[in-house]
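Asks: Just so you know, the protein sequences line up as chains C and R, in that order.
Position one of the first sequence corresponds to residue 478 (our numbering), numbered consecutively onward.
Position one of the second sequence corresponds to residue 9 (our numbering), numbered consecutively onward.
Glycine residues also receive a C-beta, built at the ideal position from the N, C-alpha and C atoms.
Below is one structure. I have some questions about it.
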Amino acid sequence: MNPIVALISSSLGKKYLMAISGLLLSLFVLGHLVGNLQIFADPYFINSYAYKLHNLPYGLLWVIRFGLLAVVAVHVWTSIVLTLENRKARPQSYDKDATAEASLSSRTMRVSGIIVLLFLIFHLAHYTVKNVPGHEYGKAIQIKDVTYEAKVPLKLPESKGGAVLKTPTGEDKYGYDVHTMMIAGFSHLWITGIYLVAVFLLCNHLSHGVSSMFQSLGMRNSGSRKSLDLFARIYGIGLFLGYSSIPVAVLLGIIKVQGIPA
Amino acid sequence: MNLTLKVWRQADADSDGKMVDYKVEDVSEGSSFLEMLDILNEQLVETGEEPIAFDHDCREGICGMCSLVINGLPHGPERLTTACQLHMRHFKDGDTITIEPWRAKPFPVVKDLVVDRSTFDDIQQAGGYIGVNTGAVVDANAIPIPKEIADWAMDGAACIGCGACVAACKNASAMLFTAAKVSQLNSLPQGEAEKDRRTLAMVETMDAAGFGNCTNYGECEAVCPKGISLDMISQLNRDYAAAAMRRLVGRAS
Numbered sequence: 478m479n480p481i482v483a484l485i486s487s488s489l490g491k492k493y494l495m496a497i498s499g500l501l502l503s504l505f506v507l508g509h510l511v512g513n514l515q516i517f518a519d520p521y522f523i524n525s526y527a528y529k530l531h532n533l534p535y536g537l538l539w540v541i542r543f544g545l546l547a548v549v550a551v552h553v554w555t556s557i558v559l560t561l562e563n564r565k566a567r568p569q570s571y572d573k574d575a576t577a578e579a580s581l582s583s584r585t586m587r588v589s590g591i592i593v594l595l596f597l598i599f600h601l602a603h604y605t606v607k608n609v610p611g612h613e614y615g616k617a618i619q620i621k622d623v624t625y626e627a628k629v630p631l632k633l634p635e636s637k638g639g640a641v642l643k644t645p646t647g648e649d650k651y652g653y654d655v656h657t658m659m660i661a662g663f664s665h666l667w668i669t670g671i672y673l674v675a676v677f678l679l680c681n682h683l684s685h686g687v688s689s690m691f692q693s694l695g696m697r698n699s700g701s702r703k704s705l706d707l708f709a710r711i712y713g714i715g716l717f718l719g720y721s722s723i724p725v726a727v728l729l730g731i732i733k734v735q736g737i738p739a
Numbered sequence: 009m010n011l012t013l014k015v016w017r018q019a020d021a022d023s024d025g026k027m028v029d030y031k032v033e034d035v036s037e038g039s040s041f042l043e044m045l046d047i048l049n050e051q052l053v054e055t056g057e058e059p060i061a062f063d064h065d066c067r068e069g070i071c072g073m074c075s076l077v078i079n080g081l082p083h084g085p086e087r088l089t090t091a092c093q094l095h096m097r098h099f100k101d102g103d104t105i106t107i108e109p110w111r112a113k114p115f116p117v118v119k120d121l122v123v124d125r126s127t128f129d130d131i132q133q134a135g136g137y138i139g140v141n142t143g144a145v146v147d148a149n150a151i152p153i154p155k156e157i158a159d160w161a162m163d164g165a166a167c168i169g170c171g172a173c174v175a176a177c178k179n180a181s182a183m184l185f186t187a188a189k190v191s192q193l194n195s196l197p198q199g200e201a202e203k204d205r206r207t208l209a210m211v212e213t214m215d216a217a218g219f220g221n222c223t224n225y226g227e228c229e230a231v232c233p234k235g236i237s238l239d240m241i242s243q244l245n246r247d248y249a250a251a252a253m254r255r256l257v258g259r260a261s
């Protein structure tokens with residue numbers, strides 16, 4: 478057999494794919510959180526951050542988007558194949574099943590993974606494709622006389638580095654008002670509810686996953702296992718607190734819609 | 009003590025099995041779990057019923073034959089203990105105890121609680137050996153081996169191949185068994201020469217046998233009567249990755 482096919486089709490090869498894709502995705506969710514937390518600062522920060530992401534040179538935005546989708550596809554594909562193989566390996570289940578050691582998060586990886594995947598699809602429809610039926614973006618909130626979906630000129634005060642949003646020829650660039658969009662999104666209780674459940678399950682998923690990937694790649698031993706398990710838990714809980722702080726702050730009115738400086 | 013047992017009965021490999029309830033009375037707390045089954049079997053023989061078939065041999069906890077899933081846990085509730093070394097004092101009078109065979113596709117039931125574990129032999133035969141005659145006992149320290157490495161290899165060698173790891177794993181994975189065998193031989197200078205081909209062949213034989221995949225639950229380590237560590241699996245993950253990479257460039261040992 479071709480050695481690459483042999484590697485990928487082996488049980489361990491699939492675990493490597495699972496671990497590496499999991500590593501990339503867990504780094505992504507951390508980066509995504511750091512980006513999102515800019516909502517606590519002046520709208521300029523998150524809006525210009527979004528603007529820069531949308532205007533990366535050489536079509537890098539689409540490279541990153543397709544790259545991330547490919548990583549998700551690998552993660553999902555390996556989990557489906559592994560699950561089917563695992564089911565086949567035990568055709569007759571135990572009459573009385575018991576668990577000696579396995580953590581709750583490790584035993585609920587499939588459920589948490591599936592729900593997080595469904596949330597991911599919703600999340601992309603919500604904020605990237607902006608196409609959630611029955612969810613009217615434009616009406617959500619008005620900033621002065623500009624609804625949030627409208628493309629607004631990102632003219633910013635010089636003191637806040639507004640110049641970076643000018644093209645070399647000096648014309649105004651347009652970007653989405655992400656700050657207001659996020660507040661509009663989280664002003665709906667049901668969206669906040671879905672979001673909180675999803676980030677909780679993601680936290681649960683990572684509490685096992687982040688430590689497990691070190692094991693799958695042969696980089697864990699009994700000396701480091703406790704620390705890695707603790708790190709995984711802190712990573713998961715940290716992400717949960719970080720992500721959930723945004724909708725909670727919106728609901729509590731800590732983050733408010735601010736007019737774009739004209 | 010008086011107990012109610014729920015036992016898996018299956019006439020042969022081709023028949024369907026089912027759980028059957030039995031009462032067993034006057035069991036001494038000092039008897040082992042297998043002796044308790046012996047007592048039940050004597051009662052069954054007296055009443056003309058077919059005795060319950062179960063695997064056993066040394067009854068000293070070293071042969072790896074006994075293979076009972078007791079109340080959902082292979083070898084029962086005591087850690088680092090085989091079913092033959094499990095004593096009835098760990099149960100209470102009036103308890104209901106569920107007894108099932110190892111459940112995994114590569115371990116088909118032969119009869120009642122007896123399963124065929126020859127897929128473990130297949131894995132072992134794929135590379136669990138040193139392919140050359142390493143001679144008679146050499147002088148101590150002729151080949152220096154660091155104490156930690158020798159201890160590590162010995163920890164792997166402690167595996168008795170009972171299959172509790174497979175039975176406990178929620179995916180019926182044989183990783184702990186295979187990892188113990190691979191780690192033991194790969195860590196020693198005599199086994200080093202065939203490291204890659206051993207690792208590749210044993211993993212691929214394990215996969216072909218139809219065992220599930222390791223998802224790092226840690227159930228295997230918890231039930232292993234010999235305390236084989238998940239660290240062995242970590243080494244197997246490392247060794248397999250290195251071997252597969254070297255095979256990719258045609259340099260596998």
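1. Reducing DSSP to helix, strand and coil, say where Ile105 of chain R ends up.
2. Since I believe Ala180 of chain R is in contact with Gly220 of chain R (beta carbons under 8 Å), could you give me their beta-carbon distance rounded to a whole number of angstroms?
3. Could you name the residues of chain R that Asn698 of chain C contacts, counting a contact when the two beta carbons are closer than 7 Å?
4. Using a 10 Å radius around the Cβ and a threshold of 16 neighbouring Cβ atoms, would you call Gly499 of chain C buried or exposed?
5. Quick check on DSSP: helix, strand or coil for Lys113 of chain R?
6. Would you call the segment 188-195 of chain R in contact with the segment 234-243 of chain R, where contact means no fewer than 3 C-beta pairs closer than 8 Å?
7. By how many angstroms is the C-alpha of Ala209 of chain R removed from the C-alpha of Glu50 of chain R?
8. Output yes or no for whether 8 Å exceeds the beta carbon distance between Arg97 of chain R and Gly38 of chain R.
9. Report, in whole angstroms, the separation of the C-beta atoms of Ala166 of chain R and Leu81 of chain R, which I expect to be a contact under 8 Å.
10. How big is the Cα-Cα spacing for Met9 of chain R and Lys573 of chain C?
11. I want to verify the contact list: residues of chain R whose CB lies under 8 Å from the CB of Gln692 of chain C, in sequence order.
12. Any heavy atom of the ligand SAM within a distance shorter than 7 Å of the CB on Gln569 of chain C?
13. Rounded to the nearest angstrom, how far is the Cβ of Gly264 of chain R from that of Ile168 of chain R, given a contact under 8 Å?
14. State the Cα-Cα distance for the pair Leu546 of chain C and Asp159 of chain R, rounded to the nearest angstrom.
15. Does the contact criterion of 3 or more C-beta pairs under 8 Å hold for the segment 712-732 of chain C versus the segment 673-690 of chain C?
16. Between the C-alpha atoms of Pro645 of chain C and Leu601 of chain C, what's the straight-line distance to the nearest angstrom?
17. Could you list which residues in chain C have their beta carbon closer than 8 Å to that of Glu212 of chain R, in chain order?
18. Would the segment 23-38 of chain R count as touching the segment 83-103 of chain R if we require 3 or more Cβ pairs under 8 Å?
19. Determine the direct distance from the alpha carbon of Leu533 of chain C to that of Ser525 of chain C, and round the result to whole angstroms.
20. Quick test of your reading: Leu728 of chain C and Phe663 of chain C, contact by CB under 8 Å. State the CB separation rounded to the nearest angstrom.
21. Nearest chain C C-beta to Arg205 of chain R closer than 8 Å, yes or no?
22. Would you mind stating whether Ala91 of chain R and Leu76 of chain R have Cβ atoms separated by less than 8 Å?
23. With a threshold of 8 Å between beta carbons, is Leu642 of chain C in contact with chain R?
24. Taking CB distances under 8 Å as the criterion, tell me whether Phe99 of chain R reaches chain C.
25. Tell me which residues share the same chain as Lys203 of chain R and place their Cβ nearer than 6 Å to its Cβ, disregarding the 5 neighbours each side in the sequence.
26. When you compare only the Cα positions, how much space is there between Thr669 of chain C and Pro724 of chain C?
27. What residue does the alpha helix (DSSP H) around Leu666 of chain C start on, and which one ends it?
28. Along chain C, which residues have their Cβ under 7 Å away from the Cβ of Arg255 of chain R?
29. If contact means a Cβ-Cβ distance below 8 Å, which residues of the segment 653-673 of chain C contact chain R?
30. Closer than 7 Å by beta-carbon distance: list the chain R residues that pair up with Leu500 of chain C, in chain order.
31. According to DSSP, simplified to helix, strand and coil, what is Met240 of chain R?
32. For chain R, find out if any of its Cβ atoms is closer than 8 Å to the Cβ of Lys492 of chain C; answer yes or no.
Replies: Result, derived from the coordinates:
1. Secondary structure of Ile105 of chain R (DSSP, three-state): strand.
2. Taking a contact as a CB-CB distance under 8 Å, the pair Gly220 of chain R and Ala180 of chain R counts as one, their CB atoms being some 4 Å apart.
3. The answer, in chain order, is Asp239, Ser242.
4. With 16 or more Cβ atoms within 10 Å of its Cβ, Gly499 of chain C is classed as buried.
5. The three-state secondary structure of Lys113 of chain R, taken from DSSP, is coil.
6. Taking a cut-off of 8 Å for Cβ pairs, the segment 188-195 of chain R and the segment 234-243 of chain R touch, as three or more such pairs fall below it.
7. Straight-line Cα distance between these residues: approximately 45 Å.
8. Cβ atoms of Arg97 of chain R and Gly38 of chain R: closer than 8 Å.
9. Not confirmed; about 20 Å, so no contact.
10. Near 22 Å, if we compare the C-alpha coordinates of Lys573 of chain C and Met9 of chain R.
11. Within 8 Å Cβ-Cβ: Asn224, Leu238, Ile241, Ser242, Asn245.
12. With respect to small molecules bound, the structure shown includes none, and the ligand SAM cannot be examined in it.
13. Outside the shown range of chain R, which is 9 to 261, sits residue 264 of chain R, and nothing can be said about it.
14. Cα to Cα, Leu546 of chain C sits roughly 45 Å from Asp159 of chain R.
15. Enough Cβ pairs lie closer than 8 Å, so yes.
16. Confidence is the limiting factor: at Pro645 of chain C the pLDDT is only 42, short of 50, which leaves the residue's position unreliable and the question unanswerable from this model.
17. Residues of chain C passing the Cβ test: Ala483, Ser487.
18. The segment 23-38 of chain R makes contact with the segment 83-103 of chain R; the number of CB pairs closer than 8 Å reaches 3 or more.
19. So the alpha carbons of these two residues sit roughly 12 Å apart.
20. About 7 Å; that satisfies the 8 Å criterion.
21. Against chain C, the CB of Arg205 of chain R has no partner CB under 8 Å away; the residue lies outside that interface.
22. It is a contact, given that the beta carbons lie within the stated cut-off.
23. Because Leu642 of chain C carries a pLDDT of 41, less than 50, the predicted location of this residue cannot be relied on, and the following value inherits that uncertainty. No, its Cβ sits nowhere closer than 8 Å to a Cβ of chain R.
24. Judged by the 8 Å Cβ criterion, Phe99 of chain R is not in contact with chain C.
25. Asn194, Ser261.
26. Near 6 Å, if we compare the C-alpha coordinates of Pro724 of chain C and Thr669 of chain C.
27. Taken as a continuous stretch (DSSP letters only), the alpha helix (DSSP H) holding Leu666 of chain C covers 666-693.
28. In chain order: Pro480.
29. Within the segment 653-673 of chain C, no residue qualifies.
30. Neighbours of Leu500 of chain C across chain R, judged by C-beta separation under 7 Å, do not exist; the nearest C-beta is about 14 Å away.
31. Helix, per DSSP.
32. With 8 Å as the cut-off, Lys492 of chain C counts as an interface residue toward chain R.
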